[in-house]
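Report on the structure given below.
2 protein chains.
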Amino acid sequence: MRELHHPPRECLELTQVLHALSDPIRLCIVRQLALGEALACGTFCETAPKSTMSHHFKVLRLSGVIHQRSEGTSCFNTLRRGDLDARFPGLLDAIVREEVGACGNSVWEEDSR
Amino acid sequence: MRELHHPPRECLELTQVLHALSDPIRLCIVRQLALGEALACGTFCETAPKSTMSHHFKVLRLSGVIHQRSEGTSCFNTLRRGDLDARFPGLLDAIVREEVGACGNSVWEEDSR
DNA sequence: TCCGTTGTTCTAAAAATATCGAACAATGTG
DNA sequence: CACATTGTTCGATATTTTTAGAACAACGGA
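Sequence order for the protein chains is A and B. Numbering-wise (numbering that gives the first Met the number 0), the first sequence opens with residue 0 and increments by one. Numbering-wise (numbering that gives the first Met the number 0), the second sequence opens with residue 0 and increments by one.
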């Protein structure tokens with residue numbers, strides 16, 4: 000398998016990291032990875048097709064949020080916690096922390112387009 | 000001017016907040032507002048057309064990041080720091096904090112599409 | 001070597017976002 | 001009232017992002 004590109008720590012951009020984390024599927028992936036274990040791509044969300052998941056992993060990797068390394072036929076993912084904490088202190092903790100806040104209404108309820 | 004809709008604190012969604020903050024213009028707005036003052040829409044980014052800015056303010060408002068109140072012909076914006084800190088502790092601080100990290104390379108340098 | 005597993009890439013299509021000019025609304029001032 | 005100021009809304013276009021099927025590549029095991 001070809002060597003995967005990972006942007007170095009100094010090149011991480013906050014806007015790209017935030018965008019990567021602003022998708023529900025990707026946020027879910029990151030939260031699972033935040034538990035610490037390296038997890039293969041296949042261990043997430045069996046409902047979505049593989050190509051879709053592959054896309055999300057790529058977005059996470061290219062924004063610098065995760066590190067991917069292939070081992071055999073699998074691809075193990077880890078959170079780049081050190082790099083993220085160094086560049087954006089407190090960000091990961093704030094995002095991974097479980098929050099409650101249930102509300103049935105949509106943000107777009109009124110005043111939407 | 001019509002009363003503007005602001006989602007209540009309990010309805011804020013992390014993914015929407017992150018998406019709102021993942022745009023460079025909007026991030027810039029938020030950082031200026033983080034200094035504490037209420038600022039009119041016109042005080043930001045004179046280069047972009049008003050309709051574009053209006054759109055960005057709307058995204059920020061509907062995601063719950065800012066509060067807008069009209070006063071005369073102006074529209075004053077403030078950060079909803081209390082609500083954001085309550086729902087997503089540490090998030091705003093992490094995002095507003097100035098970071099250094101200069102790197103000429105694009106994240107998409109290799110392995111892009 | 002022949003399969004099964006795992007994941008990527010290609011491609012197309014759909015959906016969501018962003019941009020911005022033009023028209024409009026609300027307010028304040030001369 | 002006429003007019004300037006400030007900002008919103010509408011409409012059209014362009015760009016980006018998401019989704020997912022199909023073909024493919026790499027690896028491991030029988």
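All C-beta atoms, glycine included, are put in the ideal place defined by N, C-alpha and C.
Shortest alpha-carbon distance to L26/A belongs to which of I28/B, T14/B and V58/B?
What you label residue 26/A is simply residue 27 of the first sequence in a count that begins at 1. The candidate whose alpha carbon is nearest that of L26/A is T14/B.
Is there a C-beta anywhere in chain A that falls below 8 Å from the one on G81/B?
To locate residue 81/B, count along the second sequence from 1; it is residue 82. By this cut-off, G81/B is not an interface position.
Who are H66/A's beta bridge partners in DSSP?
One-based indexing of the first sequence puts residue 66/A at position 67. Beta-bridge pairing links H66/A to T77/A.
The alpha helix (DSSP H) with D22/B in it runs from where to where?
One-based indexing of the second sequence puts residue 22/B at position 23. It is not in any alpha helix (DSSP H) - D22/B carries neither H nor E in the DSSP assignment.
Quick check on this structure: which residue in E36/B, S21/B and L17/B has the alpha carbon closest to the alpha carbon of H66/B?
Stepping through the second sequence from its first residue, residue 66/B is reached at position 67. Cα-wise, what sits closest to H66/B is E36/B.
Checking contacts by CB at 8 Å: is W107/B closer than that to chain A?
Position 108 of the second sequence, counting from 1, holds the residue named residue 107/B. Low per-residue confidence applies at W107/B: pLDDT is 41, beneath 50, and the placement is therefore not dependable enough to give any value.
Mapping the DSSP letters down to three states, classify A33/B as helix, strand or coil.
Mapped onto the second sequence, residue 33/B falls at position 34. Reduced to three states, the DSSP call for A33/B is coil.
Going by Cα to Cα distance, which pick from I24/B, L11/B and P48/B is closest to R86/B?
As a first step, residue 86/B must be located in the second sequence, where it is residue number 87. Ranking I24/B, L11/B and P48/B by Cα distance to R86/B puts L11/B first.
Are the C-beta atoms of F56/B and some chain A residue less than 8 Å apart?
One-based indexing of the second sequence puts residue 56/B at position 57. No, F56/B lies away from the interface with chain A (no Cβ there is under 8 Å from its Cβ).
Would you call A19/A buried or exposed, if buried means 16 or more other Cβ atoms sit within 10 Å of its Cβ?
For the purposes of this step, residue 19/A is identified with residue 20 of the first sequence, where counting begins at 1. Counting Cβ neighbours within 10 Å, A19/A comes out buried, since at least 16 surround it.
List the whole-angstrom C-beta distance separating L17/B from L17/A, where the pair is believed to meet the contact cut-off of C-beta under 8 Å.
For this step, residue 17/B is matched to residue 18 along the second sequence. For this step, residue 17/A is matched to residue 18 along the first sequence. Correct: roughly 5 Å between the Cβ atoms.
Cβ of G89/A within 8 Å of Cβ of D92/B?
Your numbering for residue 89/A matches position 90 in the first sequence. Your numbering for residue 92/B matches position 93 in the second sequence. It is a contact, given that the beta carbons lie within the stated cut-off.
Specify the secondary structure class of A114/A as computed by DSSP and reduced to three states.
Limits of chain A in this structure are 0 at one end and 112 at the other, which puts residue 114/A out of reach.
Measure the alpha-carbon distance for D82/B versus R8/B and round it to whole angstroms.
Numbered from 1 along the second sequence, position 83 holds the residue referred to as residue 82/B. Numbered from 1 along the second sequence, position 9 holds the residue referred to as residue 8/B. Rounded to the nearest angstrom, the two C-alpha atoms are 6 Å apart.
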